[in-house]
Structure formats: structure tokens, C-alpha cells
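Everything in the sequence shown is counted per this note's numbering, starting at 4 for the first residue and increasing by one.
Beneath this line is the structure, given in C-alpha cells, with notes to follow.
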Amino acid sequence: MEHQHEMKNGACAICGQTEKVYMNAGAGHLIKDTKTKKKKAESHAGHDHDHDHSHELEGGLVKLFTPAIISLVLLLTALALDHWVKPDWFAGWVRFIWYVLAYVPVGLPVLKDAYTSILRGNFFSEFFLMGIATLGAFAIAEYPEAVAVMLFYAVGENFQTLSVSRAKANIKALLDQRPDEATIRVGAATKVIKAEEVTIDDVILLKPGEKLALDGVLISSSASFNTAALTGESKPDTKKEGEAVLAGMINLNTASEVRVTAAYEDSKLSKILKLVEDATAQKAPTELFISKFANIYTPIVVFLAIAIALLPALFVQDYEFRDWLYRGLIFLVISCPCALVISIPLGYFGGIGAASKNGVLVKGSNFLDVLASVKHVVMDKTGTMTEGVFAVQEIHFKNHMDQATLMRYVDAIESYSTHPVATAIHQYVGEEGEKVVVSGVEEVAGRGLRGLVENKELLVGNFKLLDKFDISYDVDPNSIVYTTIAVAYDGLFQGYLTIADKIKEDAAQTIKRLHDLGVQTTMLSGDKSTVVKYVADQLEIDNAYGDLLPEDKVAYFKDIKVADGAKVAFVGDGVNDAPVVALSDVGIAMGGLGSDATIETADVVIQDDKPSRIPVAINIGKRTKQIVWQNITMAFVVKAIVLVLGAGGLATMWEAVFADVGVALLAILNAVRIQRMKF
4 MEHQHEMKNG
14 ACAICGQTEK
24 VYMNAGAGHL
34 IKDTKTKKKK
44 AESHAGHDHD
54 HDHSHELEGG
64 LVKLFTPAII
74 SLVLLLTALA
84 LDHWVKPDWF
94 AGWVRFIWYV
104 LAYVPVGLPV
114 LKDAYTSILR
124 GNFFSEFFLM
134 GIATLGAFAI
144 AEYPEAVAVM
154 LFYAVGENFQ
164 TLSVSRAKAN
174 IKALLDQRPD
184 EATIRVGAAT
194 KVIKAEEVTI
204 DDVILLKPGE
214 KLALDGVLIS
224 SSASFNTAAL
234 TGESKPDTKK
244 EGEAVLAGMI
254 NLNTASEVRV
264 TAAYEDSKLS
274 KILKLVEDAT
284 AQKAPTELFI
294 SKFANIYTPI
304 VVFLAIAIAL
314 LPALFVQDYE
324 FRDWLYRGLI
334 FLVISCPCAL
344 VISIPLGYFG
354 GIGAASKNGV
364 LVKGSNFLDV
374 LASVKHVVMD
384 KTGTMTEGVF
394 AVQEIHFKNH
404 MDQATLMRYV
414 DAIESYSTHP
424 VATAIHQYVG
434 EEGEKVVVSG
444 VEEVAGRGLR
454 GLVENKELLV
464 GNFKLLDKFD
474 ISYDVDPNSI
484 VYTTIAVAYD
494 GLFQGYLTIA
504 DKIKEDAAQT
514 IKRLHDLGVQ
524 TTMLSGDKST
534 VVKYVADQLE
544 IDNAYGDLLP
554 EDKVAYFKDI
564 KVADGAKVAF
574 VGDGVNDAPV
584 VALSDVGIAM
594 GGLGSDATIE
604 TADVVIQDDK
614 PSRIPVAINI
624 GKRTKQIVWQ
634 NITMAFVVKA
644 IVLVLGAGGL
654 ATMWEAVFAD
664 VGVALLAILN
674 AVRIQRMKF
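Right under this line is the structure:
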């Protein structure tokens with residue numbers, strides 16, 4: 004299926020620093036393909052595979068930066084002794100050991116990582132580059148520069164860790180609303196147990212202010228819940244006995260009881276959380292290119308550095324090995340691809356985090372790229388641009404009998420139907436009045452209902468039902484915009500009532516924003532053509548087609564793709580429109596909390612049913628791609644300039660530090676900007 008864009012060969016081989024930074028930030032699982040996740044995590048030196056690898060951040064910023072602070076103090080002291088105090092004793096082995104002590108806190112972890120990477124088959128990692136560059140600097144007695152390079156490298160890595168940690172925290176703060184414990188009822192008593200130990204059919208006692216840990220059904224008479232964590236809606240949602248309640252909802256009033264219907268790991272919230280955490284396993288083409296590029300690029304620059312150090316001996320008359328080795332070491336530091344292999348995944352990760360903050364769940368960075376290129380959005384009507392909840396609009400009855408009485412008759416016979424129209428009529432009529440007895444109710448397929456009230460025939464349905472029973476009427480059904488319910492009683496046409504679905508408040512704004520982005524819009528619906536045309540006209544949608552069967556939607560969608568030749572998105576419920584979702588470049592599902600199938604089949608899920616999230620998602624895709632390419636351009640340009648200067652002996656190790664760590668930090672700061680943008 005075109006919309007899935009799955010990787011077949013597992014996760015791409017990213018530069019080792021990416022893995023280390025994500026592990027340090029407690030987000031190691033976010034750079035692995037789900038198939039290789041457990042295997043790689045278990046091989047990580049001495050860690051349990053379920054450990055979150057966040058130990059570096061557990062002690063806060065001070066603990067994270069302590070090695071760098073120690074190294075900095077020792078380096079500054081050494082520089083002061085070298086250039087200002089100049090004591091006699093600070094020379095020879097004392098000076099060497101002092102700089103070694105300054106190097107060890109920041110250099111030893113990098114050398115250890117280089118060794119581990121070599122054991123795992125990644126010989127040319129950036130740990131290896133930094134290791135040989137700084138050890139080489141020690142070999143030619145450039146002690147201050149060796150320490151400074153590794154110090155700035157370590158500081159840069161720490162800032163990268165903080166950036167990834169913040170991006171991860173933004174997502175988890177939004178989604179991971181599951182409490183760790185739940186209070187269950189055991190007979191007349193209660194017991195607090197771990198949430199993952201709760202089983203299906205257990206009864207949870209939910210106190211006011213507590214979050215529900217698992218999906219279930221309310222068995223108390225009623226309860227009000229704060230659903231903001233799931234839908235973004237701050238308005239309380241009142242549930243009645245027998246209605247579904249979801250993990251993450253907060254009980255607002257009296258203590259309530261919920262019977263569990265799904266295991267902890269199967270709750271919709273757990274599935275959404277897993278969806279987002281696994282999102283980075285789906286790599287964007289740019290990420291795949293950069294990681295492949297790094298695997299080829301790094302060995303090349305190592306051999307070029309060796310060539311810079313040794314080959315001039317054949318051509319330069321006053322060849323000095325120490326000078327050319329220094330140039331080669333500078334070349335190594337500059338060439339480290341950290342700015343690319345860290346900032347690009349972080350840019351996409353930031354885009355996924357920004358989308359999550361705005362109520363949009365994106366299944367992978369590849370879909371951010373597709374969203375950025377979308378030129379045509381095709382959408383369903385019901386539940387997408389309209390509320391999906393029908394309501395009675397107008398009543399056009401004759402004066403043959405009392406309108407309120409006739410409406411109670413209609414409500415009584417519609418109570419035998421499960422159609423949303425029946426619910427709309429019942430909500431309109433309400434509970435008041437005497438109960439009407441209907442006998443002999445039968446459903447006439449595709450037409451409506453027939454029954455007896457007070458021994459007289461009652462017909463409620465479309466006008467085809469009246470045609471079947473030879474009831475004459477004096478209206479043209481095709482001239483009525485809304486869904487129409489015709490009523491006949493005792494052999495006479497009594498009139499009709501109209502049922503309509505309300506257009507969502509932000510639907511018009513959605514279409515306007517899409518047009519502002521240069522995106523064309525089309526509505527495909529199985530609803531009545533007049534209704535579809537009316538909604539499309541109200542919203543100023545470019546094209547609209549109604550009375551479509553699922554196979555008709557597929558045919559229309561294929562025509563749109565062929566005609567446009569560009570990326571086309573489809574927005575629907577993700578279940579009924581599965582064939583069209585399969586054809587789309589990116590499938591966007593409205594109401595992600597409505598069904599498990601929606602979460603599993605769509606590429607992008609709109610959490611709160613608001614269509615205005617569609618242009619937001621496209622905008623986030625565009626900005627993410629823009630930032631990623633800014634970083635690529637900046638890294639290549641700066642590195643190319645300093646590489647040439649370094650090879651020519653015009654750049655020192657300090658310029659090399661800027662070209663590596665400085666550019667990496669600038670790229671990371673640029674990448675995290677997206678998390679602060681407003682869309």
C-alpha cells in the first residue's frame with residue numbers, strides 16, 4: 004500500500020553519536036526500527052533492554068555537565084600557568100600530566116565509545132575521528148588544543164542530549180498520561196495494584212481528580228471527565244452508565260466505577276503513545292541519504308587526512324611531518340559529520356513533536372516530507388468537515404393532525420431503528436409526553452419503516468417508501484437540500500422533516516488556509532449530491548461529488564492523482580474509506596480515538612476531530628523540511644570552507660572546533676526552533 008512507505012531493511016545505520024545522544028536523553032528507542040529495537044538495546048553495554056537509558060539526566064544539568072566543568076577548570080588553570088603565571092615547575096611531565104587530567108573527564112568516555120563502536124563493526128565513527136585527532140594533537144605536544152577540542156565536543160554533545168530530551172519530553176507530556184497504579188475493587192474491599200497488572204473485567208474505583216489507567220465502560224450512573232489529554236478539549240465530557248471511557252481521562256466529580264475492557268498495553272492511549280515513539284523508525288528520504296552519506300564520507304576523510312599528513316613528503320621540499328600531521332588532524336576534526344547526523348534526525352523528531360503539541364500524530368518523518376509536498380487534499384464530508392451528528396433542521400407538516408403528536412408517532416417508530424436519523428429525531432422530541440405504542444413494525448430495505456399506531460398505518464422514510472405504498476405527495480424531493488424524512492399516516496401524506504449534519508466551526512477556516520497554501524480541495528461523499536454540493540458551496544471547496552459508493556470514490560481519486568501528478572492527501576475516517584487511504588500519498592484520519600483501526604491504518608491522525616489541523620500538519624511538514632535543508636546547506640558550506648583552509652595550513656584547531664562543534668550546535672538550535680513555532 005502506497006501510503007505506508009515502510010523500510011524493508013530495518014533502521015538505517017546512523018552515526019554512533021546519534022545513538023549515544025538519544026540514549027543519554029532517554030530516547031534510545033526512538034532511533035531504532037521496531038524489529039531491531041530489543042536486540043540493539045540488549046547489546047548496549049551492560050544495560051537491561053527495558054531501561055530507559057536516561058541515567059545521565061537523572062541528576063540534572065549539574066551531573067550532566069560535571070565532567071566538562073572539571074575539564075574546563077583544569078584547562079583554564081593550565082592556560083593561566085602557561086601564559087601568565089609561568090612557574091618553573093609547570094613544565095615537562097608535570098605539564099603533560101596536568102593536561103592529561105584535564106583531557107580524561109571529557110576524552111575518556113569518547114575513547115571508550117570509539118572502542119565500543121569498533122567492536123560493533125562501526126570502525127569509522129565520529130568517536131574514532133575525535134579520538135585520533137586529539138591523541139595526535141597530544142603526540143605533537145599541542146596539549147591545550149587537544150583538550151579544548153574534546154571539551155567543546157563534549158559540551159556540544161551535552162547540548163544535543165538536552166535538545167533531544169526536551170523534544171522527547173514534549174511528546175511524553177502530551178501523550179503519556181497513564182498513571183502507574185489503579186485502585187481495583189475486590190469484593191467489598193479495595194486494593195491498589197500496578198496498572199499493568201489490572202486484567203479485563205476488573206472494576207476500577209476512580210476517585211475525583213484521578214486519571215483512568217485503562218480503557219473501560221462506566222458502570223456508575225454518570226460521571227464527568229476531563230478529556231483534554233486525549234482530545235485537547237477543555238470542556239468536561241459527561242458519560243452515562245454503559246458508555247466507553249478511555250485511559251488518560253480525569254474524573255471530575257464523585258467517585259466512579261469503571262469495568263476494564265482492554266489490557267493496559269491495548270488501551271487507545273498506549274497505542275497512540277507507541278505510534279509516536281515508533282514514528283522515527285520511519286525515516287524520511289533525506290535522513291536515509293544523510294546516514295548513507297556519512298557511512299561513505301567518514302572513511303574517505305580519514306584516508307584523506309592520512310594523505311594530507313604523508314603525501315606532501317613526496318612533493319614538498321621542506322616537508323615537516325609535525326606541521327602536516329597537524330593539518331591532517333585539523334582536517335579530521337572539521338570533517339566529523341556530527342552536524343548532519345544529529346541535527347537532521349532531531350529536526351524531524353522536532354517536527355513530530357511540534358505536530359503532537361498541535362493535536363496531530365504523524366507516524367514517521369517520511370510523512371512530514373510528504374505533507375510538505377501535498378498539492379491536493381481530498382476529503383470525506385461526514386465526520387470530517389461536518390460534525391457527524393445529525394439534527395432535525397425543519398419540519399414541514401400539513402395541518403391534518405397536531406404536529407407534536409405526529410412527531411411523537413415518528414419518534415416511536417424510529418426507536419426501532421439504529422440509524423443516526425433515529426437519534427436525531429429522539430433528541431428533538433425528548434422524553435416528555437405519553438408513550439406511543441407501535442405494533443407490526445417492519446423495515447422496508449432502503450426505504451424506511453412501516454408500522455401501526457392506533458390501528459392506522461404509519462410510514463416514515465424516504466419518498467421511495469411513499470411511492471411503494473402508493474401515497475401521493477405534492478413536493479419535489481430533488482429540490483430539498485437536506486436529508487429528507489417523509490411521513491404518511493392513515494393513507495395521507497402528512498409532510499416531511501429535514502435532517503442535517505452541522506458543519507464544523509473551523510471547516511471554512513480550514514479550506515481558506517489550504518487555498519492560501521496553494522492546495523486544491525475536493526470533497527468525495529456517499530451522501531446525497533444536493534447535500535454535498537450545499538456543504539461544498541458553503542465552505543468554498545473547489546470540487547465536490549456526492550452519491551458515491553466506495554468503488555466510485557476510488558475511481559474519482561485515481562483520476563485526481565493522474566490529473567494532478569503531485570502529492571495527494573486523503574482525509575477521512577480511516578476505516579470506511581480504507582481503499583482511498585491506500586491509494587493516497589498520505590492518509591489523514593479524523594477522530595483517531597474513535598477506533599483502533601483508524602490509529603493503525605492512517606499515516607496521520609487528527610486527535611481532536613478539528614479539520615483546521617490539516618493545514619497545520621502541512622505547514623509543520625513544510626517548516627520541518629525547510630529547517631532540515633537549512634542545516635544541510637550550512638554544514639556543507641562551512642565545513643567545505645574550513646576544510647580547504649585547514650588543508651592549506653590557514654586554519655588552526657580552533658577553526659576546526661567551530662566547523663565541527665560550532666556548526667553542530669547552530670544546526671541543533673535551528674532544529675529545535677520548530678518546537679517553539681506557532682502554526
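Backbone N, C-alpha and C define an ideal beta-carbon position, used for all residues, glycine too.
Keep in mind the model is a prediction, meaning the values are calculated, not measured.
Residue nearest to residue i in terms of C-alpha spacing, selected from the options
{"i": "Thr-513", "options": "Val-381, Glu-323 and Glu-434", "result": "Val-381"}
{"i": "Ile-253", "options": "Asn-673, Gly-190, Val-150 and Ala-185", "result": "Ala-185"}
{"i": "Pro-302", "options": "Glu-323, Leu-317 and Leu-335", "result": "Leu-335"}
{"i": "Val-589", "options": "Ala-83, Ser-368 and Lys-194", "result": "Ser-368"}
{"i": "Asp-509", "options": "Ile-617, Thr-655 and Cys-339", "result": "Ile-617"}
{"i": "Asp-555", "options": "Gly-575, Lys-564 and Ser-528", "result": "Ser-528"}
{"i": "Phe-296", "options": "Pro-340, Val-263 and Ala-312", "result": "Pro-340"}
{"i": "Ser-224", "options": "Val-76, Lys-243 and Val-675", "result": "Lys-243"}
{"i": "Phe-126", "options": "Val-305, Val-189 and Glu-148", "result": "Val-305"}
{"i": "Glu-268", "options": "Glu-434, Asp-183 and Ala-566", "result": "Asp-183"}
{"i": "Ile-677", "options": "Leu-79, Pro-147 and Tyr-351", "result": "Tyr-351"}
{"i": "Ile-483", "options": "Lys-384, Lys-531 and Lys-438", "result": "Lys-531"}
{"i": "Pro-147", "options": "Arg-679, Phe-682, Leu-669 and Val-660", "result": "Val-660"}
{"i": "Lys-214", "options": "Glu-397, Glu-200 and Ala-250", "result": "Ala-250"}
{"i": "Leu-766", "options": "Lys-505, Ala-136, Leu-551 and Ala-566", "result": "Residue 766 lies beyond the stretch modelled for the chain, which goes from 4 to 682, so this question has no answer here."}
{"i": "Thr-137", "options": "Arg-123, Leu-343 and Val-113", "result": "Val-113"}
Residues near residue i by beta carbon distance below 8 angstroms, same chain, minus five either side
{"i": "Asp-326", "result": "Gly-652"}
{"i": "Leu-371", "result": "Ala-287, Tyr-351, Gly-354, Ile-355, Ala-358, Val-365, Ile-623, Gly-624, Thr-627 and Lys-628"}
Beta-carbon proximity list for residue i, same chain, < 6 angstroms, skipping 5 on both sides
{"i": "Glu-246", "result": "Leu-221"}
{"i": "Ser-418", "result": "none"}
{"i": "Ser-227", "result": "Pro-239, Thr-241, Leu-255 and Asn-256"}
{"i": "His-50", "result": "For His-50, the predicted model reports a pLDDT of 35, less than 50, meaning its position is unreliable and no value from the coordinates is stated."}
{"i": "Ala-265", "result": "Asp-218"}
{"i": "Arg-98", "result": "none"}
{"i": "His-47", "result": "At His-47 the pLDDT is 35, less than 50, meaning the model places this residue with poor confidence and gives no usable figure here."}
{"i": "Arg-188", "result": "Val-206 and Leu-208"}
{"i": "Val-645", "result": "Ile-337, Ala-654, Glu-658 and Ala-662"}
Contact belief for residue i with residue j at Cβ below 8 angstroms, rounded distance in angstroms
{"i": "Lys-536", "j": "Gly-549", "result": "7 angstroms"}
{"i": "Ser-259", "j": "Leu-209", "result": "5 angstroms"}
{"i": "Gly-159", "j": "Val-664", "result": "4 angstroms"}
{"i": "Ala-503", "j": "Thr-525", "result": "The Cβ separation is near 22 angstroms, so there is no contact."}
{"i": "Ala-461", "j": "Arg-450", "result": "Just to set this straight, residue 461 is Leu in the shown sequence, not Ala. 14 angstroms between Cβ atoms; not a contact."}
{"i": "Met-656", "j": "Ile-333", "result": "6 angstroms"}
{"i": "Ala-415", "j": "Val-447", "result": "Not confirmed; about 17 angstroms, so no contact."}
{"i": "Val-631", "j": "Ile-347", "result": "6 angstroms"}
{"i": "Asp-671", "j": "Leu-349", "result": "The question names Asp, but residue 671 in the sequence shown is Ile. Sure, about 6 angstroms apart at Cβ, within 8 angstroms."}
Where residue i falls, given that 16 or more other Cβ within 10 Å makes a residue buried
{"i": "Ala-117", "result": "buried"}
{"i": "Glu-457", "result": "exposed"}
{"i": "Gly-443", "result": "exposed"}
{"i": "Asp-562", "result": "exposed"}
{"i": "Asn-622", "result": "buried"}
{"i": "Ala-667", "result": "buried"}
{"i": "Gln-497", "result": "buried"}
{"i": "Asp-519", "result": "exposed"}
{"i": "Gly-521", "result": "exposed"}
{"i": "Gln-610", "result": "buried"}
{"i": "His-379", "result": "buried"}
{"i": "Lys-42", "result": "At Lys-42, the pLDDT of 39 sits below 50, so the modelled position is not reliable; the number obtained from the coordinates is stated separately. Its Cβ having fewer than 16 others within 10 Å, Lys-42 is exposed."}
{"i": "Lys-40", "result": "Any reading at Lys-40 must be qualified, since the residue scores a pLDDT of 39, below 50, and its modelled position is unreliable; the value itself is stated next. Counting Cβ neighbours within 10 Å, Lys-40 comes out buried, since at least 16 surround it."}
{"i": "Phe-573", "result": "buried"}
{"i": "Leu-77", "result": "buried"}
{"i": "Val-619", "result": "buried"}
{"i": "Asp-606", "result": "buried"}
Chain-order list of residues whose beta-carbon lies under 7 angstroms from that of residue i (same chain, five-residue window excluded)
{"i": "Ile-143", "result": "Arg-325, Leu-328 and Tyr-329"}
{"i": "Thr-408", "result": "none"}
{"i": "Val-395", "result": "Ala-427, Ile-428, Tyr-431, Leu-500 and Ile-502"}
{"i": "Met-410", "result": "Val-432"}
{"i": "Ser-475", "result": "Phe-496"}
{"i": "His-403", "result": "Leu-495 and Gln-497"}
{"i": "Leu-82", "result": "Pro-147"}
Contact between the region 88-105 and the region 144-157 (3+ Cβ pairs under 8 angstroms): yes
Count Cβ pairs between the region 63-74 and the region 87-97 that sit closer than 8 angstroms; are there 3 or more? no
The region 305-322 / the region 352-371 touching (three or more Cβ pairs under 8 angstroms): no
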